[in-house]
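In my numbering, each number is its position in the sequence shown, counted from 1, plus 14.
A quick write-up on the structure given underneath.
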Amino acid sequence: MKRCLVIPATFFPYNDTNSQIVYKHLRLLDMQYDVCALRNYPEEKQLEERLSEDPNYKKFKVTWADEYNNVWFNIRNVDLFKGLRHMKRYIESAVQMYDGQDYVYTMTWPCYTTRAGVILKKNRPAVRWIAAFSDPINHNPYMFDKETYRHYSLPEKIAFKLYLKYYVVAEDEANALEQADLLVFISEELREFMIEQYMKYFGSVTEESIRKKSIIVPLNYIPEWNMIHPVQETETDDKFILSHFGRIYGYRIIEEFIHAVEIFVRKYPGQKLLIEQYGEFRKSDRKLIRKLHLDPYFAIHGKIPYEECIEKMNRSDGVLLFDTILPDDQFQPFLPSKLMEYSLLEKNVLAVTTEKSPSWRIMKRDNAIACHYDREEILQGLEDLIIHHKPSKVNYKTTNEQASEILKQAIINMDAGEAYD
């Protein structure tokens, strides 16, 4: 059986999006895995139970090289020298764990996992490097969010600049696109954005050479683990509840949505409506809601546990998706993982998005309600969903077995020296 060195930073049973992607990519392949990970607390007990029942987890031998908080650095955790020292130690630990494995698999984010792949590929050219990405590094739009940056204090601004200098390094992504043997993306738009930025700022290899070794493995779910099931538990009164789960920050802007709600409630005074938000929310949006006298129509809550999220989704009449809003002539590379949960729960969705976004493509493919960031268009979407009862369900629920086949075939082709698509 072939062996693979896995460098993901965090890993199960710590539950975050990238930990899930790594495990789902690899669990059904016929390999043994040596994982160099950073321990992150708290671990999710329910995931521990699932892993103990999953025979595929026996393929993974996990070495906890350090704690994630030692390596982590952001504007509120500003011990830069400690972070850099532990980052260097983690990369060295990952490199030292190589003892002849056939493959190296890295997952970005965080970006320093890719640096370990670069070192290993340089020192061991024969090893096959699989570089997976869930988000871009090079010119990631959130690096240039001037509005958020404007509200930082001076120490936070300095810390943010240091974070970009040492932790979010465009050369890491460029090295992976040039040197990795297989590139794995979660959406077409992410691949297009990363290739576009690479050609603009680097361009040492051809666009064709990058495409030849790239594949798309969509977000997916493990059916035997699935706890997400639709139930008929919407609120019993005649109030229409629209819910959103996740942060409202940065380029995820909703002012036009708030204005659309204000027009809607004036136009349909007899329609009871409540917008429920769970997670981080801007002070400026709260002020706008108060200014437009919309307080009775918005309920703002903090972050809630995952199981409670699923329950609230089930009880909602519809769910919202607020995408990262970039100009329509740019690829929007971010794919909200909640789309899959909305699909599995068979909920009606209203999305505020842009045309070069994976969300737009998925929504339009299923004739669901996707709106530009425009209050009149969002108003029409609210009317279609609430007044005209237009169905707006999405079908984005690839199984782990289906997704694994894509990666399995790509590795076969890579070993044979063939293109992957």
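A virtual CB, placed ideally from N, CA and C, is assigned to each residue, including glycine.
query: For Leu134, tell me which candidate among Gln193, Arg389, Lys227 and Tyr387 has the shortest Cα-Cα distance.; result: Gln193
query: Hey, which unbroken runs of the beta strand (DSSP E) at 3 residues or more fall wholly within the segment 97-138?; result: 117-122
query: So, at 7 Å on beta carbons, what are the nonlocal neighbours of Pro405 in its own chain, with the 5 sequence-adjacent residues on each side left out?; result: Asn362
query: Given Ile236, which residues of its chain have a CB within under 6 Å of its CB, disregarding the five upstream and five downstream residues?; result: Asn414
query: For the alpha helix (DSSP H) containing Ile420, list its first residue and its last residue.; result: Asn414 to Ala430
query: Would you decide whether Gly431 is buried or exposed? Buried here means 16 or more other CB atoms lie within 10 Å of its CB.; result: exposed
query: Tell me, please, whether the segment 349-368 touches the segment 386-403 by the rule of three or more beta-carbon pairs shorter than 8 Å.; result: yes
query: Which residue spans inside the segment 302-354 form an unbroken beta strand (DSSP E) run of at least 3?; result: 312-315 and 332-336
query: Report the three-state DSSP secondary structure of Leu52 (helix, strand or coil).; result: strand
query: Taking the alpha-carbon of Asn88 as reference, which of Leu61, Ile151, Tyr177 and Ile289 has the nearest alpha-carbon?; result: Tyr177
query: Could you spell out where the alpha helix (DSSP H) holding Arg375 opens and where it closes?; result: Pro372 to Arg379
query: Using a threshold of 8 Å, state whether the C-beta atoms of Ser201 and Leu349 are closer than that.; result: yes
query: Using DSSP with H/G/I as helix, E/B as strand and the rest coil, what is Lys171?; result: helix
query: For Lys305, does the count of other Cβ atoms within 10 angstroms reach 16, so buried, or fall short, so exposed?; result: exposed
query: Reducing DSSP to helix, strand and coil, say where Ser33 ends up.; result: helix
query: Does the Cβ of Tyr55 have 16 or more other Cβ atoms within 10 Å, making it buried, or fewer, making it exposed?; result: exposed
query: Does Ala23 come out as helix, strand or coil in the three-state DSSP assignment?; result: strand
query: Can you tell me which of the three DSSP states Lys286 falls into?; result: coil
query: Leaving out five residues before and five after Met45 in sequence, what residues of the same chain have Cβ atoms less than 6 Å from its Cβ?; result: Lys16 and Cys18
query: Does Gly217 pass the burial test, meaning 16 or more other C-beta atoms within 10 Å, or should it be called exposed?; result: exposed
query: For the beta strand (DSSP E) containing Ser228, name the first residue and the last one.; result: Ser228 to Ile230
query: For chain D, find out if any of its Cβ atoms is closer than 8 Å to the Cβ of Thr122; answer yes or no.; result: Looking at the structure shown, chain D is missing, and only one protein chain is on hand.
query: Closest to Cys385 by CA distance: which of Tyr410, Asp342, Glu161 and Met354 is it?; result: Asp342
query: Buried or exposed for Ile318, please, with buried defined as at least 16 other CB atoms from any protein chain shown within 10 angstroms of its CB.; result: exposed
query: What is the C-beta distance between Thr77 and Val49, in whole angstroms, given that I count them as a contact (C-beta under 8 Å)?; result: 7 Å
query: Are Tyr311 and Val275 touching if we call contact CB-CB under 8 Å?; result: yes
query: Determine the closest residue to Val118 out of Tyr410, Leu353, Pro244 and Ala146, with distance taken between C-alpha atoms.; result: Ala146
query: Considering only the alpha carbon of each residue, which of Lys286, Thr122, Gly131 and Phe95 lies closest to Ser107?; result: Gly131
query: Tell me which residues share the same chain as Arg124 and place their Cβ nearer than 6 Å to its Cβ, disregarding the 5 neighbours each side in the sequence.; result: Note that residue 124 corresponds to Pro in the displayed sequence, not to Arg. If we look at Pro124 and ignore the five residues flanking it on each side, its Cβ neighbours are Ala23.
query: Taking 7 Å as the cut-off, is the beta-carbon of Lys297 closer than that to any non-hydrogen atom of the ligand ATP?; result: Absence of the ligand ATP from the depicted structure is noted, as is the absence of any ligand whatsoever, leaving it without description.
query: Going by DSSP in three states, Arg64 sits in which element: helix, strand or coil?; result: helix
query: What's the C-alpha gap between Lys301 and Gln344?; result: 30 Å
query: At what residues does the beta strand (DSSP E) containing Arg142 begin and finish?; result: Arg142 to Phe147
query: Roughly how many whole angstroms lie between the Cα atoms of Ser330 and Tyr104?; result: 43 Å
query: Using alpha carbons as the reference points, say which of Val36, Lys286 and Ile277 lies closest to Ile144.; result: Val36
query: Within 10 Å of its beta-carbon, does Asn381 have 16 or more other beta-carbons around it, so buried, or fewer, so exposed?; result: exposed
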